[in-house]
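Chemist: In our numbering, the protein residues as written are 1054 to 1552. Idealized CB from N, CA, C, for every residue including glycine.
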Ligand SMILES: [Zn+2]
Ligand SMILES: [Zn+2]
C-alpha cells in the first residue's frame, strides 16, 4: 500500500493508553506487539527499511500482551468508567445471551442458536433469550473476543476468577445494584421504580425488561437519568398511593427536587453536546422519562405543574416555541447524532423503533372524521379570524393528520400507548401549526381539544389520569361562546362516527 508510507507511525498505529494496545487505524483492529513487523510486511507490504520507524515507535510504548488483556474468559469485561465504544475499533451489531450469569456475546442468530443448544441444552428464542447489543473486539483471528460496556449489558457478564482485576469493577457494579450510594429515601424510590414504575415506560413492543435492567444501569453513570428515574418514581407513588399528608409532602418535595436536578444536568449535557455513547444512551432514555413526567404534571396545581399549551411553549424561543418534551422527542436523534449507530445496535434500539410512524388507517371512517374537522375550519364563529391561503394549507394538513390519528387510535383500542399517542399526531405537526397553537388561535385550540379524544384513551395510565380533561378545559378557556359550541358539536359528531 503505497499511500501508507507517508503516514506517520503515530497516525497509522493509534496507541490506546487505557488498554495499552496499538490499533492499526487502516485495518481497524489491534495488533499484538510480536506480530507488528509481520503485519506491516504482509498486510501493508512495507519493506524492511520502511517498517523501521513504525517498529521503533511501537518499541517505545508500554504494551500489554493479549493474554493480559483478554484473560481466560470467553468475553472481556470493560470497567464502568471506561469509554465505549473504544476509539479506533468498529462497532458491530451483535447479540447477547440473556440466560442469567451467561451473557455470551456473538454476531449472528445462527451462532446464538448453537450457543443455546450447546450451553443451555435447548433452542433459545429471539427477544426472550437474547437481545441486540453493540460489540467490539480488540483483535481478529484466534484472539477475537467480543466485548460491550457493562452498562449496555442486560446480564451480568460471567467472571469466574475472584482475583481478577475485574473484581473491583464488579464490586462497584454490585454497589449500584444494591443502591449503596443513594440516600435511604432515594433507595426506596429506586426500588419502587424497579418494581413497578418502569412498566409505565414500556412500549407496545414489550420492552419492559430494558427499562427495568438496562436503563437503571446506564443511570448509574448518568446523573440526569438517575434523578429523572427517581422523580418519576416519586410522582408515580403520589398519583397511585393514598398516604398520610406528611408522606405526600415528602414525596412531593422529592419529585420536584429530583425533577429540577435532572433538568439542570440534562440541559448542561445538551449544551456541552454529549461526548460519549453512554451519555447518549442516557439522553435517549431520559427523553422518555421526561415525557412521562411532563404528561403527569400537565395542568396540575403542583410545584412542578405546567401551564403551557401542551404542544407549544411561548417562553421557549430557543426550542422554536415547541414544548420541551415535544422538542426532545422530535430532536432526540440530533442530540446524539454522532452515536446514533451505536444506539441503533444497542439495548435502546427498540426505543428508536417506538417512534416509527405507524401505518395510518385511511378508510371510509377516517375520511368521515376528516370531513367533520375540515368543514369546521370554515364555520362562522371564526368570522373575524381570517387566515391566509398559506395558513389554510397548514390547518388542512394538521386537520387531515388528526383525522387519521383519531381513526388509528380507535383501531389500537386499549393497546394504545403514550408513545403511539405522540407519534400519531404531535410528531407529524409542522412548526407553522405549532406556532398557531402558541398564538392560541381559536382554530388551533379546537384541533388541540379534539386531540383529547386520543389522550382520553390513555386515561387508565397513572401518568395520563385527568390529562385529557385538563387539556380540554385549558383550550376551552381560549375560545368564545360560539367556538365552544362548535367544539361541542364537532366532538359529538366524531364520537358518533367512531361508534
Ligand atoms: Zn493494518
Ligand atoms: Zn448463554
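Three or more C-beta pairs under 8 Å: does that hold for the segment 1327-1337 against the segment 1389-1399?
Modeler: Because the criterion of three Cβ pairs below 8 Å is met, the segment 1327-1337 and the segment 1389-1399 touch.
Chemist: Could you round the C-beta distance between residue 1362 and residue 1491 to whole angstroms and report it? I think they count as a contact, below 8 Å.
Modeler: Looking up residue 1362 in the chain shown gives position 309. Looking up residue 1491 in the chain shown gives position 438. Confirmed, Cβ separation roughly 7 Å.
Chemist: Would you list the residues whose beta-carbon is nearer than 5 Å to any heavy atom of ligand 1, in the order they occur in the chain?
Modeler: The set, ordered by position in the chain, is 1077, 1079, 1080, 1096.
Chemist: Less than 8 Å between the C-beta atoms of residue 1182 and residue 1205, yes or no?
Modeler: The count along the chain shown starts at 1 and reaches residue 1182 at position 129. The count along the chain shown starts at 1 and reaches residue 1205 at position 152. Contact: no.
Chemist: Quick check: what's the CA-CA separation for residue 1170 versus residue 1177?
Modeler: What you label residue 1170 is simply residue 117 of the chain shown in a count that begins at 1. What you label residue 1177 is simply residue 124 of the chain shown in a count that begins at 1. Distance between the alpha carbons of residue 1170 and residue 1177 is about 8 Å.
Chemist: Among the candidates 1134, 1463, 1506, 1446, whose CA atom is the shortest distance from the CA of residue 1274?
Modeler: Position 221 of the chain shown, counted from the start, is the residue given in the question as residue 1274. Checked all of 1134, 1463, 1506, 1446; the closest Cα to residue 1274 is 1134.
Chemist: When you measure from the CB of residue 1155 to every non-hydrogen atom of ligand 2, does any distance come out below 7 Å?
Modeler: Stepping through the chain shown from its first residue, residue 1155 is reached at position 102. At least one heavy atom of ligand 2 is nearer than 7 Å to the Cβ of residue 1155, so yes.
Chemist: Quick one: measure Cβ to Cβ for residue 1422 and residue 1459, integer angstroms, because I've assumed they're closer than 8 Å.
Modeler: Working through the chain shown from its first residue, we reach residue 1422 at position 369. Working through the chain shown from its first residue, we reach residue 1459 at position 406. Residue 1422 to residue 1459, Cβ: 6 Å. Contact.
Chemist: Within the same chain, show all residues whose beta-carbon is closer than 8 Å to that of residue 1404, passing over the 5 residues directly before and after it, in chain order.
Modeler: Here residue 1404 corresponds to residue number 351 of the chain shown, with the count starting at 1. Answer for residue 1404: 1256, 1260, 1263, 1337, 1338, 1341, listed in chain order.
Chemist: Just checking residue 1150 against ligand 2 - is the residue's beta carbon closer than 7 Å to any of the ligand's heavy atoms?
Modeler: Locating residue 1150 in the chain shown gives position 97, counting from the first residue. Yes - ligand 2 has a heavy atom lying nearer than 7 Å to the Cβ of residue 1150.
Chemist: What does the alpha-carbon distance come out to for the pair residue 1098 and residue 1077?
Modeler: In the chain shown, the residue the question calls residue 1098 occupies position 45. In the chain shown, the residue the question calls residue 1077 occupies position 24. Answer to the nearest angstrom: the Cα atoms are 14 Å apart.
Chemist: Got a sec: does ligand 4 put a non-hydrogen atom nearer than 7 Å to the Cβ of residue 1525?
Modeler: As far as ligands go, the structure on display features ligand 1 and ligand 2 and does not contain ligand 4.
Chemist: Is the segment 1371-1379 close to the segment 1236-1251, with three or more CB pairs under 8 Å?
Modeler: The answer is no - the segment 1236-1251 does not touch the segment 1371-1379, with fewer than three Cβ pairs under 8 Å.
Chemist: Since residue 1335 contacts residue 1271 with CB under 8 Å, what's their CB separation in whole angstroms?
Modeler: Translated into the one-based positions of the chain shown, residue 1335 becomes position 282. Translated into the one-based positions of the chain shown, residue 1271 becomes position 218. Yes, residue 1335 and residue 1271 are in contact; Cβ-Cβ is about 6 Å, under 8 Å.
Chemist: Measure the C-alpha to C-alpha separation of residue 1514 and residue 1168 and round it to an integer number of angstroms.
Modeler: If you number the chain shown from 1, residue 1514 lands on position 461. If you number the chain shown from 1, residue 1168 lands on position 115. If I take the Cα positions, the gap works out to 40 Å.
Chemist: Looking at the strands, I want to know which residues DSSP matches up with residue 1190.
Modeler: Position 137 of the chain shown holds residue 1190. 1199, per the DSSP bridge assignment.
Chemist: Could you check which residue in 1284, 1531, 1188 has the C-alpha nearest to that of residue 1156?
Modeler: As a first step, residue 1156 is located in the chain shown; it is residue number 103 there, counting from the start. Of the candidates 1284, 1531, 1188, the one whose C-alpha sits nearest the C-alpha of residue 1156 is 1188.
Chemist: Do you know how far the Cα of residue 1149 is from the Cα of residue 1212?
Modeler: Here residue 1212 is taken as the residue at index 159 of the chain shown, counted from 1. Here residue 1149 is taken as the residue at index 96 of the chain shown, counted from 1. Low confidence applies here, because residue 1212 scores a pLDDT of 40, under 50, leaving its location unreliable; read the following figure in that light. Near 16 Å, if we compare the C-alpha coordinates of residue 1149 and residue 1212.
Chemist: Please find out if some non-hydrogen atom of ligand 2 comes closer than 7 Å to the beta-carbon of residue 1064.
Modeler: The residue labelled residue 1064 in the question sits at position 11 within the chain shown. Answer for residue 1064: no, Cβ out of range of ligand 2.
Chemist: Could you tell me if residue 1220 is buried or exposed, where buried requires 16 or more neighbouring beta carbons within 10 angstroms of its beta carbon?
Modeler: Position 167 of the chain shown holds residue 1220. Residue placement at residue 1220 is flagged as unreliable, the pLDDT there being 40, under the threshold of 50; the coordinate-derived value follows with that caveat. Its Cβ having fewer than 16 others within 10 Å, residue 1220 is exposed.
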